[in-house]
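The next block holds one structure in the form of structure tokens; read it before the comments.
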Amino acid sequence: MEKKSSKSHQSDVRKGPWTMEEDMILINYIANHGEGVWNTLARSAGLKRTGKSCRLRWLNYLRPDVRRGNITPEEQFLIMDLHARWGNR
1 MEKKSSKSHQ SDVRKGPWTM EEDMILINYI ANHGEGVWNT LARSAGLKRT
51 GKSCRLRWLN YLRPDVRRGN ITPEEQFLIM DLHARWGNR
């Protein structure tokens with residue numbers, strides 16, 4: 001019995017930009033089942049993406065509490081103050 005090689009497994013994985021359909025699948029799956037082990041989540045949701053890709057898509061773009069847009073003047077001041085105090089740490 002021959003094992004499935006990692007190369008053939010990699011060809012099953014979709015790369016490139018996410019489609020609106022894939023976004024909706026991920027959003028609905030997380031709404032119903034919550035976050036979890038991302039590799040398992042990707043397979044269970046039926047996405048042909050890696051767990052890492054799903055995790056990054058969710059955390060950086062799709063999560064409802066991700067804020068978009070410019071920072072406020074108060075946030076700018078806080079950044080400048082903390083940088084003056086602590087530098088690039």
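As numbered in UniProt numbering, residues 1 to 89 make up the sequence shown, in order.
Heads up, the beta-carbon is just placed ideally off N, CA and C, and yes, glycines get one too.
(1) Assign residue 33 to one of two classes, buried (16 or more other C-beta atoms within 10 Å of its C-beta) or exposed (fewer than that).
(2) If you draw a straight line from the alpha carbon of residue 19 to that of residue 68, how long is it in whole angstroms?
(3) Does the stretch 33-44 come close enough to the stretch 52-60 that 3 or more CB-CB pairs lie under 8 Å?
(4) Residue 48 and residue 12 - do their beta-carbons sit closer together than 9 Å?
(5) Flag this pair as yes or no: are the beta carbons of residue 45 and residue 29 separated by less than 9 Å?
(6) State the Cα-Cα distance for the pair residue 70 and residue 42, rounded to the nearest angstrom.
(7) What does the alpha-carbon distance come out to for the pair residue 8 and residue 64?
So, from the listed chains and residues:
(1) Along the sequence shown, read from residue 1 onward, the residue named residue 33 stands at position 33. It counts as exposed.
(2) As a first step, residue 19 is located in the sequence shown; it is residue number 19 there, counting from the start. As a first step, residue 68 is located in the sequence shown; it is residue number 68 there, counting from the start. Using only the alpha carbons, I get a separation of about 20 Å.
(3) yes
(4) One-based indexing of the sequence shown puts residue 12 at position 12. One-based indexing of the sequence shown puts residue 48 at position 48. Yes, Cβ-Cβ distance for residue 12 and residue 48 is below 9 Å.
(5) Residue mapping note: residue 45 aligns to position 45 of the sequence shown, counting from 1. Residue mapping note: residue 29 aligns to position 29 of the sequence shown, counting from 1. Between residue 45 and residue 29, the CB-CB gap stays under 9 Å.
(6) On the sequence shown, residue 70 is found 70 positions in, with the first residue counted as 1. On the sequence shown, residue 42 is found 42 positions in, with the first residue counted as 1. Distance between the alpha carbons of residue 70 and residue 42 is about 32 Å.
(7) Start at 1 with the first residue of the sequence shown, and residue 8 comes out as number 8. Start at 1 with the first residue of the sequence shown, and residue 64 comes out as number 64. Unreliable placement is indicated for residue 8, whose pLDDT of 49 sits below 50; the coordinate value is still reported in the next sentence. Cα to Cα, residue 8 sits roughly 35 Å from residue 64.
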